[in-house]
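Residue numbers (the working numbering): 40 to 267. The C-beta atom is built at its ideal place from N, Cα and C for all residues, glycine as well. Beneath this line is the structure, given in structure tokens, with notes to follow.
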Ligand code: ADP
Ligand code: ADP
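Laid out in structure tokens, this is it:
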């Protein structure tokens, strides 16, 4: 589903952030990229939605080279959640969730229905939250809205970059559990970046261990715990 073939990223200043990266993420799989700060996790993720362009090798989604796709269209088809600054501060919860459906030209009724459905799925009563601004919600609620926004247009692939990293332990735990439920229910292909090994073990179908821009080890949480 998402394939890296010998992918490289060299930034203009000469930093080699990712080197000879080979990885095949299956449809419906939740893969966690883990490794120390600066090892290339975020760069790997951003190459998939072309927020950064790879400088070597090939990335494909469903067999299609992403360079052959229009980057704007590509980004609308991929959910993206980051740690912070994710939501538009002057837009309501409903508007934030509807960002991509709106860009895709969905009809008003369809958008409204979808927003309500997603809020319900996340246990956020729509009457209470729909017209709030992000600043009127807790950090955990804002991240939940970020996840709903990424899911709104029903993308096949969702990229998550330390989405729960800034949360207190209790909110983090509950959002992790929600993500596990969502993943079971919707069978999305999810690529999730963290530097927290416990988070990786809890969430991952497969863990990809990165170091210095390279993949060091790949395996299920059980396999990696047996052969650390
Ligand atoms: P991680 O997500 O694992 O912390 P990153 O992918 O953010 O790692 O960074 C990988 C390497 O690329 C680091 O050495 C980082 O300093 C460098 N890097 C990231 N972004 C840029 C950039 N825009 N220009 C130059 N170097 C960068
Ligand atoms: P930075 O790396 O400096 O945080 P980015 O270039 O990754 O900035 O993105 C800037 C902002 O645009 C971020 O707040 C991010 O949430 C948003 N953004 C970029 N691309 C997307 C996307 N495909 N879907 C949702 N939000 C996006």
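By the criterion of a C-beta distance shorter than 7 Å, residue 101 is surrounded in its chain by 40, once the five residues flanking it on both sides are discounted. The alpha-carbon of residue 166 is positioned some 43 Å away from that of residue 43. The beta carbons of residue 234 and residue 73 sit closer together than 9 Å. Residue 147 carries a helical assignment under DSSP once its states are collapsed to helix, strand and coil. The region 222–238 and the region 195–209 touch, with no fewer than 3 CB-CB distances between them shorter than 8 Å. Straight-line spacing of the CA atoms in residue 223 and residue 262 works out to 21 Å. Here the alpha carbon of residue 55 sits roughly 7 Å from the alpha carbon of residue 252. Taking 3 residues as the minimum length, the beta strand (DSSP E) runs contained wholly in the region 55–116 are 55–64, 69–73 and 95–100, in order along the chain. For residue 47, the enclosing beta strand (DSSP E) covers residues 41–49. By the neighbour-count definition (other C-beta atoms within 10 Å, threshold 16), residue 111 is an exposed residue. Residue 253 sits in a strand when the DSSP states are folded into three classes. The Cβ neighbour count for residue 238, taken over all protein chains shown within 10 Å, is at least 16; the residue is labelled buried.
Set against 8 Å, the gap from the CB of residue 80 to the closest heavy atom of ligand 1 is smaller. A straight line joining the alpha-carbon of residue 249 with that of residue 146 spans about 43 Å. Using a Cβ distance threshold of 9 Å, residue 95 and residue 48 count as a contacting pair.
Residue 150 and residue 137 do touch by the CB rule: their CB atoms are close to 5 Å apart, below 8 Å. Contact between the region 184–191 and the region 57–74 is not established, with fewer than three Cβ pairs separated by less than 8 Å. DSSP places residue 184 inside the alpha helix (DSSP H), whose first and last residues are 178–190.
If you check the C-beta of residue 131 against ligand 1, you find no heavy atom less than 8 Å away. When secondary structure is reduced to three states using DSSP, residue 127 falls in the coil class, being assigned neither helix nor strand. Residues of the same chain with a CB within less than 8 Å of the CB of residue 123, apart from the 5 flanking positions on each side, are 205 in chain order. The nearest non-hydrogen atom of ligand 1 is less than 8 Å from the C-beta of residue 75.
By a beta-carbon distance limit of 8 Å, residue 128 does not contact residue 191. Their separation comes to about 18 Å.
When DSSP states are grouped into helix, strand and coil, residue 163 belongs to the coil group.
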